[in-house]
Amino acid sequence: MATIYDNRRGISRRELLKRGTVGAALIVSGRAVISPENAWGLEATALSPETVATLILIARDIYPHDQLADRFYAIAIKGQDTRAAKDASHKALIEDGVADLDKRAGSGGYRGLSWERDRVAILREIETTPFFQAVRGDLVVSLYDQKELWPIFGYEGESYSEGGYIDRGFNDIEWL
Amino acid sequence: MAAPYDLKDDGVVVIIGSGAGGGTLGNELAQRGIDVLILEAGSRIEFEDFINDEWESFAQLAWLDHRTTGGGWRVSKDFPNLPAWIVKAVGGTTTHWAGASLRFQEHEFKTLTHYGRIEGANLNDWPLTLAELEPYYTKAEDKMGVTRTNDIEGLPGNNNFMVFKAGADKLGYKECHTGRMAINSADRDDRMSCQQTGFCFQGCKWGAKWSTLYTEIPKGEATGKLEVRPNAHVVKIEHDKTGKVTGVVYADKEGKLHEQKARIVCLAGNSIESPRLLLNSHSAKFPDGLANSSGQVGKNYMRHTTGSVYAVFEKPVHMYRGTTMAGIIRDEARHDPSRGFAGGYEMETLSLGLPFLAAFLDPGAWGRSFTSALDNYANMAGMWIVGEDMPQEQNAVKLHRELKDQYGMPIPDVWFTDHPNDEAMRNHAYKQGMALYSAIGAIRTFPTPPYPSTHNLGTNRMSDKASDGVVNKWGQTHDVKNLFISDGSQFTTGGAENPTLTIVALAIRQADHIAKEMAAGTI
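Line order of the protein sequences matches chains A and B. Each residue of the first sequence is one higher than the last, beginning at 1 in the numbering used here. Each residue of the second sequence is one higher than the last, beginning at 1001 in the numbering used here.
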C-alpha cells in the first residue's frame, strides 16, 4: 500500500504560491507530492516527484470520477514508483512516457493543459504505447480495488460477516 | 478416515482433478467399494477460508499457471495469458461456479442430425441420448440439491432478478424464474441455506452452494476408500508395452516428482489441462500423444457463446446483493434457425463487484464514456448470455512450441475464433438483452464482451467412431482401455446449458460403468 502520510509541515499559503501547483491542489515539495488542503502527501522514491504528480493527473484523465479525491489516484499510481525502484527499465518507461506527453503538450507540459479534453486528446495519440498500457493496465486494478472508494460508488464489498443480505435488502427494490 | 494409498499400489483408480467430474467420480467409486486416489494440482482450502473480495479470492483460487492464447477472440487481446477463469484447488471449479444446473435438450445431443452440416463447424452427434442420460440427471439433481427439482423450492428473487423479470414480462418471455440452482433454498444434506451474500464466484462461505469440496469429497473419504492428495500436479501419464496405462508422474508442492501406480486412470483436469496432459504424455508408442489416434485431442475447443448485458437505471438496483445467478430466461434456448443461427442461448442474471466490473465491462476502455457507467454502479442490473457455440477443429488447445512450465512440460496455448454462427447468436442475444432492459426504462445499456472462459469443453470429444472422437459413450478412450476422460472435455457439442450438471450426470454414469467392468475383470 502507498505511503500516504499526514502533511504536518503546514506549508503556508505564501509558500504554496511560490511553488508550482499541480492541477488545482497538488504541489511538489522535495521528493513529495503534497495536497495541503487535504493533509496528505506521497513520497516519490524512484520516479521524480514531478513525474509522480503528472501520473496522478494522467490517472484521473484515464478514469475520471469527479467524486473521487486525488488521494485515491495517488494511491493507485504509487505502485509505478515502487516498481520503478526495483526495475530500471520500468523507471525509464514511465519517465520517458511522461516526458513524451509533456513534449506533446507544448511549453506548459501535460499539467499545463487546463482542459481535460486537451489532455485526453494527447492520451488518445499514445494509447497503444507500452507506457500507456502499463499505466492503464495497472490502474484498472489499483484504483478500483481500493476498499475505501467502494462506498462512493454504492458498492458494499464483503458481506459474509454481516450475515449476507438475506435480512439487509437483497430484494428491497421499490421502483419497479 | 481417508485411505492413504502407497505409490506402488497398482490396484487403485487414480483420478486427476477433484472438480465436478473428478470429485463426483471419486465419491461414486468409493461408495461402490473401489479404492480411489484423487490427485489435485491445487491445495485444499475449506469453505470457511474463502474470501469475499474479488481480486483476493482470484489470487486464492484461480488457475494462474502460465498459458498463452491465439486466434481472433477478444480474450486473446485483452487477457492474453488468461484464457480461462477456472480454479486450482480441491473442489476445482465447483468452488467458483454459479450453481446453474440445467439439463441438455434432446436435440442438443444430436446436433449434426438437427442442424445439418454447417460450413466450418465440426458438428457431430453424441453417442448417447437424453433418454439414456435422464436417470443420471435425476440422480445428479438429487445429489446437488437443485432447486425446482425433487420438490425443492426455488430461490427467492433478488433485486437483479426482479429487474430482469420485469423486462422479461415486457418482452413477452414465458419461461423466466429464479433458476434451477444447486444452491440450497432451505437446509439440506447437512448444509445450510443461501444467505444472499453475493460472492458465489468467490466460493460460498456458507457451503450453501454445491461443491465437491464439501459434499462428494468428504462423503467419499468417510468410506475409507478415497484419498485426496492435494498439491499433486500430474505432468505425465505412463503406459506399458501393451498400451495400457500403468500410473502417473506428479510434482508435489516442492516440485519433486513421484510416480503413482494405477489400475485405471481417469482424467478430469478441465478442457485445457486434460488434453494438454494427453499431448504431453506422448511416447514412442504414441508419438502424437496418448489416446490421440483420431488426432482430435485438444481440438474442437468450445467455450459457449457468451457475453453480458449491463444496464443503468434512474434508481438503485444493488445487483450485487444476493445470489449471483438465480435468474433465467429459457425462451431463446430452443433451436430456431429463423433467428439466423443454429442452436439457442440462455439468459441468466449476473453481477460483478466494482473491481471486476471495471476490469471486464469493456476491457481496455477508458475515459468518461467508460467511467460514467461505473459512476452508476448502484443503479446497474446485469445478465449473462450463454449459448451453444460451434465446434471447430482449428479452435484448439495446443502445446506451446517454446515455453515450458516449472516441471519442463510445454505450456498450453489456447486458440479460439468465433464461428459466424456464434457471432450471429451473440448479436441476437445482445439485442434481446438490451431491449429487455430498455423496455423497463434503462438509460444506458452495455453489450459486454465475453469474459475469460468458464465453460471449457470439447477437447477430448465423445464419438462412436474412433476415427473422429477421443472417447466412447462411457468416456473411455478408444485407444487405451483403462484410461477415461471424466470432465467437460468429453462433450461432443456444448448445448446452450451451463455444463456442470451434465458433467456430474456423466460422472455418475461412468462410475457405474467402471464398477461393472472392474467386477467383470475386463479392465
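Glycine residues also receive a C-beta, built at the ideal position from the N, C-alpha and C atoms.
Legend entry - Neighbourhood of residue 1042 of chain B by C-beta distance below 6 Å, restricted to the same chain and skipping five residues each side: Here the set comprises 1088 and 1089.
Inset, instruction - Tell me, please, whether the CB atom of residue 157 of chain A is closer than 9 Å to any CB atom in chain B? - result: Using beta-carbon distances, residue 157 of chain A counts as an interface residue toward chain B, with a partner under 9 Å.
Legend entry - Cα-Cα separation, residue 1342 of chain B to residue 1106 of chain B: Residue 1342 of chain B and residue 1106 of chain B: Cα-Cα distance of roughly 15 Å.
Legend entry - Option in B:1095, B:1073, B:1220 and B:1104 with minimal Cα separation from residue 1529 of chain B: As displayed, chain B neither begins before 1001 nor continues past 1523, which places residue 1529 of chain B out of reach and without an answer.
Legend entry - Listed by chain order, chain A residues near residue 1052 of chain B by CB distance under 9 Å: Chain order gives the chain A residues near residue 1052 of chain B as 157, 158, 159, 160 and 161, where near means a beta carbon separation below 9 Å.
Inset, instruction - Give the range of the beta strand (DSSP E) segment to which residue 1446 of chain B is assigned. - result: Note, residue 1446 of chain B: beta strand (DSSP E), 1444-1448.
Legend entry - residue 1068 of chain B - containing beta strand (DSSP E), residue span: Residue 1068 of chain B -> beta strand (DSSP E) spans 1068-1070.
Inset, instruction - Rounded to whole angstroms, what's the CA-CA distance from residue 1476 of chain B to residue 1462 of chain B? Just pull it up for me. - result: If I take the Cα positions, the gap works out to 9 Å.
Legend entry - CB of residue 35 of chain A within 9 Å of CB of residue 49 of chain A, strictly: No, the Cβ-Cβ distance between residue 35 of chain A and residue 49 of chain A is not below 9 Å.
Inset, instruction - Work out the CA separation of residue 1366 of chain B and residue 115 of chain A for me, nearest whole Å. - result: A direct Cα-to-Cα measurement between residue 115 of chain A and residue 1366 of chain B gives close to 17 Å.
Legend entry - Collapsed DSSP secondary structure at residue 1134 of chain B in the structure displayed: If DSSP states are grouped into helix, strand and coil, residue 1134 of chain B belongs with the helices.
Inset, instruction - Could you tell me whether any Cβ in chain B is nearer than 9 Å to the Cβ of residue 131 of chain A? - result: Closer than 9 Å: no.
Inset, instruction - Leaving aside the five residues before and after residue 970 of chain B along the sequence, list all residues of the same chain whose C-beta is less than 7 Å from its C-beta, in chain order. - result: Here chain B covers residues 1001 to 1523 and nothing more, so residue 970 of chain B does not appear.
Inset, instruction - For residue 1315 of chain B, decide whether its Cβ has a neighbour in chain A, counting only Cβ atoms nearer than 9 Å. - result: Chain A contact via Cβ: present.
Inset, instruction - State the DSSP-derived secondary structure class of residue 1176 of chain B, mapped to helix, strand or coil. - result: DSSP places residue 1176 of chain B in strand when its eight states are reduced to three.
Inset, instruction - Could you tell me whether the Cβ of residue 169 of chain A comes closer than 9 Å to any Cβ of chain B? - result: Taking Cβ atoms only, chain B reaches closer than 9 Å to residue 169 of chain A, which makes this a yes.
Inset, instruction - Look at the Cβ atom of residue 1212 of chain B, then the Cβ atom of residue 1022 of chain B, and state whether they are nearer than 9 Å. - result: Contact flag set, yes.
Legend entry - Buried or exposed by the 16-neighbour rule on C-beta atoms within 10 Å, applied to residue 1465 of chain B: Its Cβ having fewer than 16 others within 10 Å, residue 1465 of chain B is exposed.
Legend entry - Extent of the continuous alpha helix (DSSP H) to which residue 1222 of chain B belongs: Element bounds for residue 1222 of chain B: 1216-1222.
Inset, instruction - Report the neighbours of residue 144 of chain A on chain B: residues whose CB is nearer than 7 Å to its CB, in chain order. - result: Chain B residues near residue 144 of chain A: 1354, 1355 and 1358.
Legend entry - Contacts around residue 1508 of chain B, its chain only, beta-carbon distance under 7 Å, and the 5 residues preceding and following it disregarded: Only 1024, 1028, 1136, 1139 and 1140 meet the Cβ criterion.
Inset, instruction - Give every residue of the same chain whose Cβ lies closer than 6 Å to the Cβ of residue 1384 of chain B, excluding the five residues on either side of it in the sequence, and list them in chain order. - result: Only residues of its own chain outside the window of five on either side were considered, and among them 1308, 1348 and 1350 have a CB closer than 6 Å to the CB of residue 1384 of chain B, listed in chain order.
Legend entry - Contact check, residue 1352 of chain B vs residue 1054 of chain B, beta carbons under 9 Å: Annotated as proximal: residue 1352 of chain B and residue 1054 of chain B, with beta-carbon spacing under 9 Å.
Legend entry - Terminal residues of the beta strand (DSSP E) in which residue 1250 of chain B lies: Counting along the chain, the beta strand (DSSP E) containing residue 1250 of chain B begins and ends at 1245-1251.
Inset, instruction - Let me know the secondary structure DSSP gives residue 1430 of chain B once reduced to three states. - result: DSSP, reduced to helix, strand and coil, places residue 1430 of chain B within a helical segment of the structure shown.
Legend entry - Pick from B:1408, B:1478 and B:1125 that is closest to residue 994 of chain B, judged by C-alpha positions: Past the boundaries of the shown model lies residue 994 of chain B; chain B is included only from 1001 to 1523, so the question cannot be answered.
Inset, instruction - Using a Cβ cut-off of 9 Å, pull out every chain A residue sitting near residue 1374 of chain B, in sequence order please. - result: Per Cβ cutoff of 9 Å: 63, 65, 144 and 153.
Legend entry - Range covered by the beta strand (DSSP E) that runs through residue 1513 of chain B: Under the DSSP assignment, residue 1513 of chain B falls outside any beta strand (DSSP E), being part of the alpha helix (DSSP H) whose first and last residues are 1500-1520.
Legend entry - Cβ separation of residue 1344 of chain B and residue 1388 of chain B, assumed to be a contact under 8 Å, to the nearest whole Å: Taking 8 Å as the upper bound for CB-CB distance, residue 1344 of chain B and residue 1388 of chain B are in contact here, some 7 Å apart.
Inset, instruction - Could you tell me which of B:1155, B:1356, B:1119 and B:1491 sits nearest to residue 1420 of chain B, measuring between CA atoms? - result: Closest option to residue 1420 of chain B, Cα to Cα, is B:1119.
Legend entry - Contacts around residue 1319 of chain B, its chain only, beta-carbon distance under 7 Å, and the 5 residues preceding and following it disregarded: For residue 1319 of chain B, where only same-chain residues beyond five positions count, the Cβ hits under 7 Å are 1159, 1160, 1351, 1380, 1381 and 1382.
Inset, instruction - Measure the C-alpha to C-alpha separation of residue 68 of chain A and residue 152 of chain A and round it to an integer number of angstroms. - result: Going by the C-alpha atoms only, they are around 8 Å apart.
Inset, instruction - With distances taken Cα to Cα, identify the nearest neighbour of residue 1327 of chain B among B:1114, B:1189 and B:1156. - result: Taking each of B:1114, B:1189 and B:1156 in turn and checking the Cα distance to residue 1327 of chain B, the smallest one comes out for B:1156.
Legend entry - Length of the line joining the Cα atoms of residue 1123 of chain B and residue 1177 of chain B: When rounded, the distance between both Cα atoms is 31 Å.
Legend entry - Residue burial classification, residue 1494 of chain B (beta-carbon count within 10 angstroms, cutoff 16): Buried, because 16 or more other Cβ atoms sit within 10 Å of the Cβ of residue 1494 of chain B.
Inset, instruction - Please check if any C-beta of chain B sits within less than 9 Å of the C-beta of residue 173 of chain A. - result: Closer than 9 Å to some Cβ of chain B, the Cβ of residue 173 of chain A qualifies, so yes.
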